[in-house]
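Novice: Take a look at this one; I'll ask things after.
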Amino acid sequence: MKAALVFDKVCASVGRNRLLLDGVSLEVPERGLLGIVGPNGSGKTTLLRAALGLMPLSAGQVLLGGRALGQWPAREFARHIGYVAQQGASHWDLSVTEMLRLNAPALSPELVARCELEPLLERRFATLSGGEKARVSVARALAHGPALLLADEPAAHLDIPHHHRLMAMLRETATQRAVVVVLHDLHVASAWCDRLALLSGGRLLAQGTPAEVLTPALLSSAYGAPIVSHEVGDLRFFTGVPGQ
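The sequence shown lines up with residues 548 to 791 when you count with this note's numbering.
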């Protein structure tokens with residue numbers, strides 16, 4: 548399958564001594580949900596910033612649709628890619644409809660239905676719950692029909708029902724385009740993602756299916772502490788070993 552996004556031996560650093568990405572090579576297929584996992588400070592958000600052209604590279608390159616980022620005209624690049632940032636304090640004094648129309652003048656009924664936004668369209672964005680804001684943010688990133696969606700921990704701090712609805716939305720979205728999502732919870736990555744990339748210390752430690760990547764040996768190496776997995780039905784959960 549053709550790659551939507553390619554990281555080719557990508558390196559990025561801050562100052563002279565702090566290496567944020569160290570020779571990362573990774574291909575993102577045209578369709579499917581790819582999860583980026585790893586401990587805090589492993590380079591997950593930096594990798595997304597590199598894909599957006601927001602992180603200067605000290606070596607390597609990023610290819611979007613087979614072209615280096617620098618070869619993309621700004622307007623065409625903006626149409627090709629959608630981005631959902633980490634949620635923070637919001638001061639948007641706009642309705643949900645106005646928010647969505649910032650990215651596309653005409654609302655897509657199909658997108659509104661898929662993201663379950665019909666009851667929210669006239670509400671002010673700042674008054675929404677965290678889960679509602681997350682759905683609006685994803686819809687806004689998809690409003691212009693990008694071929695690639697990048698999302699940085701979009702489900703962070705959500706309760707279980709909103710978390711489930713958001714991941715189901717991303718999974719459905721990934722049947723039509725490439726979706727790359729940074730995730731903190733390993734059991735969520737195991738349950739929802741088609742493929743995973745495990746980062747540690749700015750390096751790509753492993754990539755493959757969740758079963759291939761989320762092994763106790765690889766996770767213990769990445770997180771620097773013993774990690775075990777256990778199964779409940781079809782779900783896998785991961786915990787540290789107490790006292791170690």
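No residue lacks a Cβ here, since even glycine has one placed at the ideal position from N, Cα and C.
1) Quick check: what's the CA-CA separation for residue 766 versus residue 665?
2) Here's the rule: buried if 16 or more other CB atoms are within 10 angstroms of the residue's CB, otherwise exposed. What is residue 606?
3) For residue 574, write down the residues that DSSP places opposite it in a beta bridge.
4) I think residue 708 touches residue 626, with their Cβ atoms under 8 Å apart; what is that distance to the nearest whole Å?
5) Would you kindly work out how many angstroms separate the C-alpha atoms of residue 594 and residue 568, rounded to a whole number?
6) Going by DSSP in three states, residue 734 sits in which element: helix, strand or coil?
7) Could you tell me the boundaries of the alpha helix (DSSP H) in which residue 684 lies?
8) Check for me: the alpha helix (DSSP H) holding residue 624 runs from which residue to which?
9) Should residue 778 be labelled buried (16 or more other beta-carbon atoms within 10 Å of its own) or exposed?
10) What are the residues that DSSP puts in a beta bridge with residue 786?
11) Check residue 750 in the structure and name its three-state DSSP category.
12) Name the one or two DSSP bridge partners that residue 561 has.
13) Measuring CA to CA, which of 782, 612 and 750 is closest to residue 570?
14) Whole angstroms is fine: what's the gap from residue 630's alpha carbon to residue 721's?
15) What's the C-alpha gap between residue 599 and residue 645?
16) Given a threshold of 16 other Cβ atoms within 10 Å of its Cβ, counted over all protein chains shown, does residue 685 qualify as buried or as exposed?
17) Starting from residue 651, trace the beta strand (DSSP E) in both directions and tell me its first and last residue.
18) For residue 689, tell me which candidate among 557, 724 and 579 has the shortest Cα-Cα distance.
Specialist: According to the structure shown:
1) 41 Å
2) exposed
3) 553
4) So it is not a contact: roughly 33 Å between Cβ atoms.
5) 7 Å
6) Taken through DSSP and simplified to helix, strand or coil, residue 734 comes out as helix.
7) 677-689
8) Looking at the DSSP string, the run of the alpha helix (DSSP H) that includes residue 624 is 621-627.
9) exposed
10) 775
11) strand
12) 565
13) 750
14) 14 Å
15) 25 Å
16) Label assigned to residue 685: buried.
17) Per DSSP, residue 651 belongs to no beta strand (DSSP E) and is neither H nor E.
18) When only C-alpha atoms are compared, the closest one is 724.
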